[in-house]
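Worksheet: one structure, shown below.
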Amino acid sequence: MGSKRTLDSIREIVIHCADTPNGRPNTIEDIDDWHRQRGFRRNLSILAEFDPVALQTEPPLAHVGYHYVIEVDGMIQKGRPLAETGAHVRMHNRISVGICLVGRDQFTLMQWAAMKVVIEHLQQQLPGVHIVGHRDFDNRKTCPGFDVSEWVNSGFIPDSAHILIQG
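All the letters of the sequence shown, read from the start, carry residue numbers 1 to 167 under the numbering used here.
Structure follows, in structure tokens:
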């Protein structure tokens with residue numbers, strides 16, 4: 001279950017992929033269901049503290065482990081509030097923010113643009129935060145399907161091999 005934390009404890013942004021077929025329009029609700037099946041559980045009292053209106057007006061996502069999910073159409077969906085520990089990378093959840101791109105290794109230009117917006121916003125809130133990929137913590141993983149450090153060093157310009165062209 002997610003626990004409360006302070007924003008000054010956050011030192012990493014971890015980029016993930018949903019490991020779904022590229023271009024398939026899965027949603028944050030799908031991911032919430034998958035995380036429920038894996039036994040993840042949120043502490044909804046933290047959400048109630050930070051956004052009581054949302055808790056009353058929207059069905060809460062009780063299981064999603066990410067703080068943000070970026071869907072194929074570029075929609076940025078909020079998962080856990082930043083003040084709640086995520087459930088997305090073993091041994092780093094307390095100090096990281098999890099962003100998940102729907103897909104496997106190719107993402108739409110709308111997703112790339114949305115991720116840049118989220119990261120720039122987080123960098124303003126969390127100065128000095130380090131941006132990494134899930135695979136940087138586990139060499140058995142390929143998530144998020146691209147080299148995050150190369151993407152950051154390129155000025156957030158994706159390699160053409162990782163751009164999904166929708167027909």
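Cβ atoms here follow ideal geometry from the backbone N, Cα and C, with glycine treated the same way.
Check: Between which two residues does the alpha helix (DSSP H) harbouring ILE31 extend?; Outcome: 28-37
Check: Considering only residues of the segment 78-105, which uninterrupted beta strand (DSSP E) runs meet the minimum length of 3 residues and lie entirely inside it, listed in chain order?; Outcome: 96-101
Check: Taking buried to mean at least 16 other C-beta atoms within 10 Å of its own C-beta, is THR85 buried or exposed?; Outcome: buried
Check: Assuming ILE28 and GLN106 are in contact, meaning their beta carbons sit under 8 Å apart, how far apart are those beta carbons, in whole angstroms?; Outcome: The pair is not a contact, with the Cβ atoms about 20 Å apart (cut-off 8 Å).
Check: Can you give the Cα-Cα distance for TYR68 and GLY39, rounded to whole angstroms?; Outcome: 19 Å
Check: Could you name the residues of the same chain whose beta carbon sits closer than 8 Å to that of VAL118, not counting the 5 residues immediately before and after it, in chain order?; Outcome: TYR68, ILE70, ILE76, ILE99
Check: Please report the distance separating the alpha-carbon of ARG94 from that of ASP73.; Outcome: 29 Å
Check: By how many angstroms is the C-alpha of GLY128 removed from the C-alpha of LEU164?; Outcome: 30 Å
Check: May I have the straight-line CA-CA distance separating ARG42 from VAL64, to the nearest angstrom?; Outcome: 7 Å
Check: What are the boundary residues of the alpha helix (DSSP H) that HIS121 is part of?; Outcome: 109-125
Check: Classify VAL152 as helix, strand or coil using the three-state DSSP reduction.; Outcome: helix
Check: Kindly indicate the opening and closing residues of the beta strand (DSSP E) around VAL132.; Outcome: 130-133
Check: Our contact map puts GLU12 next to VAL132 with C-beta atoms below 8 Å; I'd like the distance itself, whole angstroms only.; Outcome: 6 Å
Check: Let me confirm a value: VAL14 is counted as buried when at least 16 other C-beta atoms fall within 10 Å, else exposed. Which label applies?; Outcome: buried
Check: What is the rounded straight-line gap between the Cα of CYS174 and the Cα of ARG104?; Outcome: Residue 174 lies beyond the residue range present for the chain, which begins at 1 and ends at 167; the question has no answer from this structure.
Check: Identify every residue that forms a DSSP beta bridge with VAL14.; Outcome: GLY98, VAL132
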